[in-house]
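Residue numbers (this note's numbering): 909 to 1408. Scroll down for the structure; my scribbles are underneath it.
Listed below in structure tokens is the structure:
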């Protein structure tokens, strides 16, 4: 063939391939943005239809609904095992009219089906896949769950006797869902082996809200203890056998026994809601403190591994707190911190809620530098009424609350909570932020749920839907757990979102 003709034909072939590629892109785009913005291709924030498919529980694919009987069931916390199985814990009541509650722990396979190898043959009356713990004449609830390196499951919660004050409870199960009798075997606290009631040394109410496991296997629990009529921030550390670690908080100057730390941040009530342990074993807690004028503020405190406040954290801040504590103002109203996590660079992320100028409640996300100061590079757009270092999220016309926070491997930030819709009902909500604190508009893009791009609202029916727990799987998919009102009672639900 003539060389000129060969060159011409080659150019023509290349042109045809370019046209075909352009047509494919155009066709694919029409699939994604056609039909009024709905997508025929999966997008970030979409329910994962492979999760909970065909369960027959009345929820859409991507969601699992669980009812344990005629009573109320609540999911408060969640953890993902290394094998991908999902552990959810909370409480259940025997009837819808109230009564005492029991701790409940369930395990799901990675496809959302109940793991019937968990809790097999237990005498608690619950089906395989579920463990129900009746600790006596008391109302018991699990608030935090973690998985040990050996696969054992640790639950922290609160037990309130019918005629008494509440106590902190720790439970450890084997990976099979059976009480671990090596834990708390010598506690002499009135509980069975596998359960520990933590004695904080006072006669008031003790509450556990958060749990973390140190690298050496010791357990750290955080919440509040009532001393002299007000709540104080409380932390306790427990050895691997369930006994209090006497090396923690050993000074005892706060009136608590060795192994327990009580911290008063002012004249009002203080409580920890979130807890995380740094790689250097320093302990970070986030929570809420009430001032003398009844306003509430968020705070983050950092303790050294011995339980003493880290005086290098929050130094010289004008928030009225002592060194070791950083007070956080999300805006001009009442503020609360619900959860905390760490970035890979050591910066601290906190989620909670703040009262806006119109008295509505918005989700607030703050980032602190490693010294406890606000990171001014985060949420630098002040149009939301928050200072630099804080991002305020209004998801609609109602009140919004953030309750959980975690990180993706790519540095994006995922928060979960709930929002009040225009009809007055409450929906679960998940938002994703870029590392600078702005909404990631590729998440939940074009949804018809009334939320802005970057946010997904989850409505499971005519009732109220609450998210309480959040996790990111090893494949990046996002898990949310909570509870919903359904036919007059509350049921547990679990959902999985794509994170493309």
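Just so you know, even glycine gets a beta-carbon here, dropped at the ideal spot from N, CA and C. The model shown is predicted, which means the values in this text are computed figures rather than measured ones.
Residue i (DSSP reduced to helix, strand or coil)
i, result
"residue 938", "With a pLDDT of 31 at residue 938, under the threshold of 50, the predicted position of this residue should be treated as unreliable, though the coordinate-derived value follows. Helix."
"residue 1292", "helix"
"residue 1181", "strand"
"residue 1235", "strand"
"residue 1069", "strand"
"residue 1253", "coil"
"residue 1275", "strand"
"residue 1216", "coil"
"residue 1007", "strand"
"residue 1318", "coil"
"residue 1047", "strand"
"residue 1260", "strand"
"residue 1023", "coil"
"residue 1284", "coil"
"residue 1014", "strand"
"residue 1230", "coil"
"residue 1195", "strand"
"residue 1206", "strand"
"residue 1158", "coil"
"residue 1080", "strand"
"residue 1397", "strand"
"residue 1114", "strand"
"residue 1170", "strand"
"residue 1349", "coil"
Check whether residue i and residue j have beta carbons under 8 Å apart
i, j, result
"residue 1152", "residue 1129", "no"
"residue 1309", "residue 1261", "yes"
"residue 956", "residue 1406", "yes"
"residue 1154", "residue 1144", "no"
"residue 1197", "residue 1174", "yes"
"residue 1114", "residue 1075", "yes"
"residue 1245", "residue 1206", "yes"
"residue 1195", "residue 1214", "no"
"residue 1273", "residue 1341", "yes"
"residue 1085", "residue 1027", "yes"
"residue 998", "residue 983", "yes"
"residue 985", "residue 1053", "yes"
"residue 952", "residue 1350", "yes"
"residue 1306", "residue 1327", "yes"
"residue 1402", "residue 1063", "no"
"residue 995", "residue 1381", "no"
"residue 1191", "residue 1259", "no"
"residue 1399", "residue 981", "yes"
"residue 1232", "residue 1218", "yes"
"residue 1037", "residue 1002", "no"
Buried or exposed by the 16-neighbour rule on C-beta atoms within 10 Å, applied to residue i
i, result
"residue 1013", "buried"
"residue 1010", "buried"
"residue 931", "Annotation note: pLDDT 37 at residue 931 (below 50); position unreliable, coordinate value reported separately. So residue 931 counts as exposed."
"residue 1397", "buried"
"residue 1356", "exposed"
"residue 1240", "exposed"
"residue 1408", "exposed"
"residue 1265", "exposed"
"residue 1131", "buried"
"residue 1330", "exposed"
"residue 1267", "exposed"
"residue 1118", "buried"
"residue 1066", "buried"
"residue 1103", "buried"
"residue 1079", "buried"
"residue 934", "Interpretation of residue 934 is limited by its pLDDT of 37, a score under 50 that renders its predicted location unreliable; the figure taken from the coordinates is listed afterwards. Its Cβ having fewer than 16 others within 10 Å, residue 934 is exposed."
"residue 1050", "buried"
Closer than 8 Å to chain C by CB, residue i
i, result
"residue 1299", "No chain C is present in this structure, which holds just one protein chain."
Extent of the continuous beta strand (DSSP E) to which residue i belongs
i, result
"residue 1408", "That residue, residue 1408, is in no beta strand (DSSP E); it is neither H nor E in DSSP."
"residue 1374", "1373-1380"
"residue 1101", "Per DSSP, residue 1101 belongs to no beta strand (DSSP E) and is neither H nor E."
"residue 1308", "1308-1315"
"residue 1242", "Premise fails: residue 1242 is in no beta strand (DSSP E) and is neither H nor E."
"residue 1322", "1321-1328"
"residue 1394", "1386-1394"
"residue 1340", "1334-1341"
"residue 1057", "Element bounds for residue 1057: n/a, residue is neither H nor E."
"residue 1223", "Run containing residue 1223: none; DSSP gives neither H nor E here."
"residue 1139", "1138-1146"
"residue 1041", "1038-1041"
message: As an exercise, report each continuous beta strand (DSSP E) stretch of at least 3 residues that is fully enclosed by the stretch 944-998, in chain order.
response: Entirely contained in the stretch 944-998, the beta strand (DSSP E) runs reaching 3 residues are, in chain order, 971-974 and 981-988.
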